[in-house]
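Reading through the structure tokens given below for one structure.
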Amino acid sequence: RWGRRQRALLWAVLLAAWEAAWGQLRYSVPEEMPKGSFVGDVAKDLGLQLPALTDRNAHVFDTGRARYFLLDLQNGHLTMMEQVDREEICAAVAKCVLNFEILVKHPMNIYKGEVEILDINDNSPSFPERSSVLEISEYTAPGTRFPLERAHDPDIGLNSLQNYKCSESSYFTLDVKNGDDGVKYPELILVKSLDREEQNSYSLILTATDSGSPVKSGSTTIQIIVLDGNDNAPEFTQSVYKVTVREDVAVGSRVLQVTATDRDEGPNAEVKYSFFKIPEKFDKIFKLNPESGEIEIRENLNFEEHEFYELVVQARDVGGLSSHSKVLIKVLDINNYVPEIVIMSVFTPVPEDTPLGTVIAIFSVQDRDSGENGEVQCSISESNPFSLEKSFDNYYRVVTSELLDREQVSEYNVTVRAADGGTPPLQSSAVLALRVLDVNDNAPVFAQERYSARLAENNLAGALVLTVLATDADWGQNARVRYRLSEGRVRGAPLSSYVSVQAETGALYALRSLDYEEVRELWLWVLAEDGGAPALSSNVSVRLLIVDENDNAAAPGEPAGSLTRWLVLAVAAVSCLFVAFLLLLLALRVRRWRREQLLAASSGALRGVPVSHFVGIDGVRAFLQSYSHEVSLTADSRKSQLRFSGASCCDTLPARPSDEAS
Numbered sequence: 002r003w004g005r006r007q008r009a010l011l012w013a014v015l016l017a018a019w020e021a022a023w024g025q026l027r028y029s030v031p032e033e034m035p036k037g038s039f040v041g042d043v044a045k046d047l048g049l050q051l052p053a054l055t056d057r058n059a060h061v062f063d064t065g066r067a068r069y070f071l072l073d074l075q076n077g078h079l080t081m082m083e084q085v086d087r088e089e090i091c092a093a094v095a096k097c098v099l100n101f102e103i104l105v106k107h108p109m110n111i112y113k114g115e116v117e118i119l120d121i122n123d124n125s126p127s128f129p130e131r132s133s134v135l136e137i138s139e140y141t142a143p144g145t146r147f148p149l150e151r152a153h154d155p156d157i158g159l160n161s162l163q164n165y166k167c168s169e170s171s172y173f174t175l176d177v178k179n180g181d182d183g184v185k186y187p188e189l190i191l192v193k194s195l196d197r198e199e200q201n202s203y204s205l206i207l208t209a210t211d212s213g214s215p216v217k218s219g220s221t222t223i224q225i226i227v228l229d230g231n232d233n234a235p236e237f238t239q240s241v242y243k244v245t246v247r248e249d250v251a252v253g254s255r256v257l258q259v260t261a262t263d264r265d266e267g268p269n270a271e272v273k274y275s276f277f278k279i280p281e282k283f284d285k286i287f288k289l290n291p292e293s294g295e296i297e298i299r300e301n302l303n304f305e306e307h308e309f310y311e312l313v314v315q316a317r318d319v320g321g322l323s324s325h326s327k328v329l330i331k332v333l334d335i336n337n338y339v340p341e342i343v344i345m346s347v348f349t350p351v352p353e354d355t356p357l358g359t360v361i362a363i364f365s366v367q368d369r370d371s372g373e374n375g376e377v378q379c380s381i382s383e384s385n386p387f388s389l390e391k392s393f394d395n396y397y398r399v400v401t402s403e404l405l406d407r408e409q410v411s412e413y414n415v416t417v418r419a420a421d422g423g424t425p426p427l428q429s430s431a432v433l434a435l436r437v438l439d440v441n442d443n444a445p446v447f448a449q450e451r452y453s454a455r456l457a458e459n460n461l462a463g464a465l466v467l468t469v470l471a472t473d474a475d476w477g478q479n480a481r482v483r484y485r486l487s488e489g490r491v492r493g494a495p496l497s498s499y500v501s502v503q504a505e506t507g508a509l510y511a512l513r514s515l516d517y518e519e520v521r522e523l524w525l526w527v528l529a530e531d532g533g534a535p536a537l538s539s540n541v542s543v544r545l546l547i548v549d550e551n552d553n554a555a556a557p558g559e560p561a562g563s564l565t566r567w568l569v570l571a572v573a574a575v576s577c578l579f580v581a582f583l584l585l586l587l588a589l590r591v592r593r594w595r596r597e598q599l600l601a602a603s604s605g606a607l608r609g610v611p612v613s614h615f616v617g618i619d620g621v622r623a624f625l626q627s628y629s630h631e632v633s634l635t636a637d638s639r640k641s642q643l644r645f646s647g648a649s650c651c652d653t654l655p656a657r658p659s660d661e662a663s
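Note that the sequence shown covers residues 2 to 663 in our numbering.
Below, the structure is given as structure tokens:
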């Protein structure tokens, strides 16, 4: 069975766990703590290890306002950056809370915290003036109340102003009331009638006290002057005037008019109006016409600074008698503040392989209006791979809702919009410029599936064969492509001794003079590798054909020599046939010409031309056997007759000696 203490401890642990789960931190420290004072153990309360604070770059977010806290990464403690005066930063606010945000990265997250600044009794009640004068007619009726000047104590709670007391007097008593603004104020009440001839003045001491430990107080002296001869004091038509004005009312506008009348006649009935000891800042906002009693606006009202004003108006006649009335002015809030978007952190550039749900940005929205005018709805532009999530209060996170691809979209301009609930609603926007960081997720791609080239043998060493090209869709170093040859051997020698590839350009060069009779083709692989980490690569095949040239003499009996011989014979035969054809053609033309000459004779019969009986042999003319022919041609009958005569011969050579003579 658990006791009360154990149950309380359990509830405290559960509450701390719930707050830590939602990123909420709550601490409290007294005001006026020196710089460096301990506020809370953030690392322990958030469940973060000390090394993680440094690794995740944990820090107190600076919103541009005054910074009061510092996170010590060595021990995880939240400490005071400077001494804090609660009255200076929170004035009369009952609960003085300073908010702070702690940002961590990798992954990005935000933890909201608040520190309540506890009041200490470091201020005494004080009056604006050390003494004041109050004039009262001797004919003033008993029971009449006279408001007195208030004291001011900037502390709160029991440390603030709690009571007034006045020195004893048989003619006056003190009554303490609570104003509509919650502040106590004193009123002096006339107990019995005054007689100026008996006593023309009174002196009272008014003391204001708090309930702090120890109790502090402040005093002022009230000098009361008894006036003679004026019977009646001015009287207001209302003891309390109430009015509601919009905060956007124009400067110079009339708020209301107070009226007081005096039943006396003549100069004693003239009434002058004035504010009765109101705060100086109120006197700058409102103006009271002393003649008419009209109250006007001097400066623009601000609902967020003051929702309510309580003024005391005094009506005083020439005789010195006065009366007082309250004026309560309520300010009506209007939608005059545009929502303010505060970008707290942006994670950019964003790696394109960022998982879904990763926090990219954190921002808060503030609207100084109240009610529906201060309720803000946020949204982000569509058609982008991000979504909006509400963290707590007015804090939002932008997270990835789709996978990113830098090769498709390298930059995003995400517009954040905030609209309040006023009529009409006021809107504001902010743009998150997000750059996508390239990740090496693309291998180089060659321009062709395969390459081939032809190279004549006996090439020069260093001759360019061809150039391969590969591109990488990534960016920067990840897209930088370098080329190299895959390992291989040709006729027992490394492939790299035959060809090489230029690493930057992909140009392929022959390192030696190639011989068709030794190597007729080369198969090789070129590897393209990017500069990422880890590097990605691809390869392509290259076929190199060696073209033969006639650079070797034919050997006897070799097929190549026989072929050449037969080619020469064929060319010679064709040439002979061509020459024979030309000679034949020439002979035919000569024969034709001779026939044309014979036919051209004009006589009917052609005479025979005796055939020479001599023939020259080696320069010796000799007689040969002769023949005689007679040819008769008839032109008219188209008939001819050829007659052969007997052969005749004569031997001109000497007779061969007989065998006997030899």
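The beta-carbon is built from N, C-alpha and C at its ideal position, and this holds for glycine as well.
As the structure is a computational prediction, the values presented were derived from the model and not from experiment.
Whole-Å CB distance - residue i paired with residue j, under 8 Å assumed
i, j, result
"Leu435", "Val415", "6 Å"
"Ala261", "Ala316", "3 Å"
"Lys178", "Tyr186", "6 Å"
"Arg87", "Ile118", "5 Å"
"Gly253", "Ile298", "6 Å"
"Ala462", "Arg513", "6 Å"
"Val360", "Arg398", "5 Å"
Reference residue i; option with closest CA among the options
i, options, result
"Arg27", "Glu115, Ala316, Val252, Glu376", "Glu115"
"Pro235", "Val192, Val314, Val244, Arg455", "Val314"
"Ile226", "Glu139, Leu587, Val250, Ser542", "Glu139"
"Val670", "Glu412, Leu461, Val527, Arg490", "No answer is possible for residue 670: the residues shown for the chain start at 2 and end at 663."
"Ser453", "Tyr165, Phe582, Pro215, Ile547", "Ile547"
"Glu353", "Pro126, Ala209, Lys193, Asp475", "Asp475"
"Asn441", "Glu408, Leu456, Met345, Leu461", "Glu408"
"Gly158", "Ser170, Asp211, Ala142, Glu136", "Asp211"
"Val482", "Pro148, Asn459, Gly533", "Gly533"
"Ala444", "Ala536, Asn201, Val343", "Ala536"
"Glu341", "Gly294, Ile330, Val366, Leu99", "Val366"
"Met665", "Glu311, Asp56, Leu438, Phe582", "Because the chain in this structure spans residues 2 to 663, residue 665 falls outside the shown range and cannot be described."
"Arg197", "Ile190, Leu587, Asp176, Asp229", "Asp229"
"Ala448", "Leu589, Ser539, Arg455", "Ser539"
"Pro1", "Val184, Leu329, Gln258, Leu578", "Limits of the chain in this structure are 2 at one end and 663 at the other, which puts residue 1 out of reach."
"Lys36", "Asp439, Asp154, Ser29, Glu83", "Glu83"
"Glu169", "Ser402, His153, Tyr203, Leu584", "Tyr203"
"Pro425", "Asn303, Ile335, Ile298, Asn58", "Ile335"
"Leu104", "Glu89, Glu33, Gln25", "Gln25"
"Leu302", "Asp265, Glu403, Asp284, Asp249", "Asp249"
"Val328", "Val343, Glu295, Thr565, Ser576", "Glu295"
"Glu306", "Phe393, Gly489, Cys91, Ser127", "Cys91"
"Val410", "Leu427, Asn385, Val61, Val432", "Asn385"
"Asp473", "Val319, Glu150, Asp531, Ile279", "Asp531"
"Val343", "Val437, His325, Cys379", "Cys379"
"Ser214", "Thr174, Gln239, Asp156, Cys167", "Asp156"
"Ser326", "Gly477, Thr145, Val339, Val61", "Thr145"
Beta-carbon gap between residue i and residue j smaller than 9 Å
i, j, result
"Val332", "Phe309", "yes"
"Tyr172", "Leu195", "yes"
"Tyr69", "Phe101", "yes"
"Leu71", "Val85", "no"
"Glu412", "Val400", "no"
"Ala419", "Asp368", "yes"
"Leu191", "Leu205", "no"
"Ile121", "Asn164", "no"
"Leu135", "Phe147", "yes"
"Pro495", "Glu488", "yes"
"Leu509", "Val520", "no"
Short CB-CB distance (under 9 Å) between residue i and chain B
i, result
"Val246", "Here chain B cannot be found, since the structure has a single protein chain."
Distance cut-off 8 Å: residue i Cβ against heavy atoms of the ligand SAM
i, result
"Ser133", "Absence of the ligand SAM is noted for the structure shown, with no ligands found whatsoever."
Inset, instruction - Could I get the ranges of all uninterrupted alpha helix (DSSP H) runs contained in the segment 45-91, with 4 residues as the minimum, in chain order? - result: Within the segment 45-91, the runs of alpha helix (DSSP H) at least 4 residues long that lie entirely inside it are, in chain order, 51-56, 87-91.
Legend entry - Unbroken stretches of the beta strand (DSSP E), 3 residues or longer, contained in the segment 333-397: 341-347, 360-367, 377-381, 387-391
Legend entry - Every unbroken beta strand (DSSP E) within the segment 488-548, with a cutoff of 3 residues, ordered by chain: 500-502, 508-511, 522-530, 538-548
Legend entry - Inter-stretch contact at 8 Å, needing at least 3 Cβ pairs: the segment 239-257 / the segment 214-223: no
Legend entry - Continuous beta strand (DSSP E) assignments of at least 3 residues falling wholly in the segment 112-158: 132-138, 146-148
Legend entry - Entirely enclosed alpha helix (DSSP H) segments - the segment 285-316, minimum 4 residues: none
Legend entry - Within the segment 394-475, ranges of the beta strand (DSSP E) (whole runs, at least 3 residues): If one requires a minimum length of 3 residues, the beta strand (DSSP E) runs lying completely within the segment 394-475 are 396-401, 412-421, 428-438, 451-457, 464-468, in chain order.
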